[in-house]
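Reviewing the structure listed below.
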Amino acid sequence: MNKYYKRIAAQITTLSGVDMFSNSRQRECVEARALYSHILRNYFKLSLRQICDIFKHHNKSMHHATVLYMLKSYPVYKKYNKFLRSWETEIMCDGEWADANIKKEYIKDKINIMPNGVVDDVYITINNEYGNIIDEKL
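According to my numbering, the sequence shown is numbered sequentially starting from -1.
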């Protein structure tokens, strides 16, 4: 198992105070598992099967449909649990996973929830600061 996946699991356990690999159905455990699955799927681009295998490696029974359900439920959990958003930000802003692709996925995810005025500001900044560089790469 990738060292980053272990580190993320440890961070979530520390932040949430629960063992997300336990067989508990407590809301806190379910939300921690959903956060972990969200990060692995959306930023590290793991398949449902790979996420299942990580949970199984930690003796947590898991089916790909369960992972899919957690991923679909995560936005609702995040809406009502103010800590999930801050935990996600804290984990993803850790400089250890400095891979450019992961950072791009994180930015894409955040752009989708920004107000239009902020998106306009980001667009102008990118175009003014990096427009020539981007055009040269194309």
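Glycine included, C-beta positions come from ideal geometry on N, C-alpha and C.
Predicted model only: the values in this text are computed from it and were never measured.
Asked                                                                                            : Found
Inter-residue Cα distance where the pair is N0 and D107                                          : 23 Å
C-beta contact flag for I94 and R39 at 8 Å                                                       : Checking the displayed sequence, the identity of residue 94 turns out to be Glu instead of Ile. No, they are not a contact pair.
Buried or exposed (CB count within 10 angstroms, at least 16 for buried), M68                    : buried
Residue environment, R31, which counts as buried when at least 16 other CB atoms sit within 10 Å : buried
Contact check, F42 vs F19, beta carbons under 8 Å                                                : no
CB contact flag (N110, K58, <8 Å)                                                                : no
N79, DSSP secondary structure in three states                                                    : coil
Reduced DSSP secondary structure (H/G/I, E/B, other) of Y41                                      : coil
Inter-residue spacing [alpha-carbon to alpha-carbon] between A98 and S45                         : 19 Å
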